[in-house]
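Residue numbers (my numbering), protein chains in the order written: chain A, 1 to 114; chain B, 1001 to 1114. Ideal Cβ placement from N, Cα and C applies to all residues, glycine included. These notes are about the structure you will find just below.
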């Protein structure tokens, strides 16, 4: 079955560490997105990518980095520069950026700083 | 600019009663409108979308939504709520003449009591 897979489901980070969250899709979707979700704040866009080898900053990109070397994969690195990384991270994909397509979401990764 | 407002942080309803979750939007031009549902520690699931045509849109799990252009609203409804409908609901919008990014509302927590 086609879908979008995020791993790991839970991740613990020590102060000063970089961690990478995986997002893989086998839907042949062009666009991919990373969102951060905090209680009471809805979804905030971190980075997005319309096509391979291209990505753009979203509203809260500071302290995060991404790559899009393959169409299927859009990993997110949470760097030590992100001062408050504890949150629920959601990856989404979209068939194409034109048209009336919505998003398909992964199941999320919960990151906790210990 | 485009924005979405969900004026209620939480909606409480008894099982079997009608459920309404409100959404208003602000977008220049014509909108594409979406509703998603999120269960605890899960990603968002697509419920329905409005693209054009009939103002009443039917979606998954017995939900429907009414598009009202004059009031710039897209309220989600269900005639008879179930306890299993308890979840977080998000409204999202994008302009029809812009590429794919969706703007999400802050979310409305629905609590259905037996």
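How is residue i classed by DSSP in three states: helix, strand or coil?
i	result
residue 1060(B)	helix
residue 1013(B)	strand
residue 1084(B)	helix
residue 84(A)	coil
residue 74(A)	coil
residue 1068(B)	strand
residue 1021(B)	strand
residue 61(A)	coil
residue 79(A)	coil
residue 1095(B)	strand
residue 113(A)	strand
residue 1102(B)	coil
residue 1001(B)	coil
residue 13(A)	strand
residue 1028(B)	coil
Assuming residue i and residue j make a contact with CB atoms under 8 Å, what is their CB distance in whole Å?
i	j	result
residue 28(A)	residue 79(A)	Rounded, the Cβ-Cβ distance is 30 Å, inconsistent with contact.
residue 1092(B)	residue 1076(B)	Contact flag wrong, Cβ pair sits at about 12 Å.
residue 1036(B)	residue 1045(B)	6 Å
residue 108(A)	residue 1043(B)	5 Å
residue 72(A)	residue 25(A)	6 Å
residue 1024(B)	residue 1073(B)	5 Å
residue 1011(B)	residue 1021(B)	6 Å
residue 1080(B)	residue 1018(B)	7 Å
residue 1094(B)	residue 1029(B)	At roughly 10 Å, the Cβ-Cβ gap does not stay under 8 Å, so residue 1094(B) and residue 1029(B) are not in contact.
residue 1055(B)	residue 1067(B)	5 Å
Based on the DSSP output, what are the partners of residue i in its beta bridges?
i	result
residue 1050(B)	1033(B)
residue 27(A)	In the DSSP output, where bridge partners are listed per residue, residue 27(A) has none listed.
residue 103(A)	The partner list for residue 103(A) (beta bridge, DSSP) is empty, contrary to what the question assumes.
residue 53(A)	DSSP, once it has assigned bridges, lists no residue as partnering residue 53(A).
residue 93(A)	32(A), 104(A)
residue 1109(B)	1010(B), 1088(B)
residue 1077(B)	1020(B), 1064(B)
residue 6(A)	23(A)
residue 47(A)	34(A), 57(A)
residue 66(A)	76(A)
residue 1045(B)	1037(B)
If you compare alpha carbons, which of the options is closest to residue i?
i	options	result
residue 95(A)	14(A), 16(A), 33(A)	33(A)
residue 1085(B)	1049(B), 1034(B), 1109(B)	1109(B)
residue 1111(B)	1014(B), 1007(B), 1068(B)	1014(B)
residue 105(A)	13(A), 15(A), 88(A), 69(A)	88(A)
residue 77(A)	59(A), 64(A), 70(A)	64(A)
residue 39(A)	1026(B), 1030(B), 1088(B)	1088(B)
Taking buried to mean at least 16 other C-beta atoms within 10 Å of its own C-beta, is residue i buried or exposed?
i	result
residue 1104(B)	buried
residue 81(A)	exposed
residue 10(A)	exposed
residue 37(A)	buried
residue 1061(B)	exposed
residue 85(A)	buried
residue 1001(B)	exposed
residue 51(A)	exposed
residue 56(A)	exposed
residue 1039(B)	exposed
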